[in-house]
Amino acid sequence: SQQGEEDPQALSIQEGENATMNCSYKTSINNLQWYRQNSGRGLVHLILIRSNEREKHSGRLRVTLDTSKKSSSLLITASRAADTASYFCATDADNAGNMLTFGGGTRLMVKP
Amino acid sequence: AAGVIQSPRHLIKEKRETATLKCYPIPRHDTVYWYQQGPGQDPQFLISFYEKMQSDKGSIPDRFSAQQFSDYHSELNMSSLELGDSALYFCASGMGRTQPQHFGDGTRLSIL
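Chains S and Y, in that order, give the protein sequences.
Reading the first sequence from the start, the letters are residues 4 to 115 in our numbering.
Reading the second sequence from the start, the letters are residues 41 to 152 in our numbering.
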């Protein structure tokens, strides 16, 4: 079963609106990362939040982490059409090597 | 800035053939990771190398093998290809066992 699962699976919003994506995981982690993937392209690292952090900001991105609930959220504020992509969370599990375990991804569409 | 380079970008093979995918990590990165992403799926970890030694192993079939060379580039060798091997294969690199991992644009492998 997947370490991380995301919801919603798909999200469609208007430009200028905020987009929130959620991710849940199952084991203890060292950190959680969010990646973005344009269709058929590589994964672009967005932000990393460590297990001892609760919130992190980077530009229009805000990530929260709740280790007690084993969940994270990614908020994109003031969305743009160029934000249209799939967004994945990935966890670096504690005592499980350095591999990343990805969630199912949220397909975000931002309409101009 | 230099990124992870993967070659080829696209590869078409027939069943039972072999394929070799190459990955050139970001300069000074000594860790390489391989992931497989099937159509509409999230990336799955295959295998990783640190300082030319295998470090972690995921869901890599026995038909696949990989290695990291003295210049830190890595190759994923795939034999007895099956239709189900059709996927995007990503390589990521990093420094030591730290995060984040930086991904290449992937090789799209199609098995006919």
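Even for Gly, the Cβ is constructed at its ideal location relative to N, Cα and C.
The structure displayed is predicted, hence computed values, not measured ones.
For L14 of chain S, the enclosing beta strand (DSSP E) covers residues A13 to Q17.
By alpha-carbon distance to G136 of chain Y, the top candidate from Y:P48, Y:R49, Y:P101 and Y:P65 is Y:P65. Where S61 of chain S is concerned, the enclosing beta strand (DSSP E) starts and stops at E58 to S61. Bounds of any beta strand (DSSP E) do not take in D97 of chain S, whose DSSP letter is neither H nor E. Taking 8 Å as the cut-off between beta carbons, the residues of the segment 26-50 of chain S near chain Y are N33, N34, Q36, Y38, G43, R44, G45, L46, V47 and H48, in sequence order.
Taking a Cβ-Cβ cut-off of 9 Å, M24 of chain S has no neighbours in chain Y, whose nearest Cβ is about 14 Å from it.
Out of S:G100, S:A96, S:L64 and S:E58, the CA that lies nearest to the CA of Y90 of chain S is found in S:L64.
Scanning its chain for C-beta atoms nearer than 6 Å, with the 5 sequence neighbours on each side dropped, one finds around T30 of chain S the residues A96, in chain order.
Taking a Cβ-Cβ threshold of 7 Å, the residues of chain Y close to L103 of chain S are F85 and Q141, in chain order. Under the 8 Å Cβ criterion, the segment 116-130 of chain Y counts as touching the segment 97-105 of chain Y, having at least three qualifying pairs.
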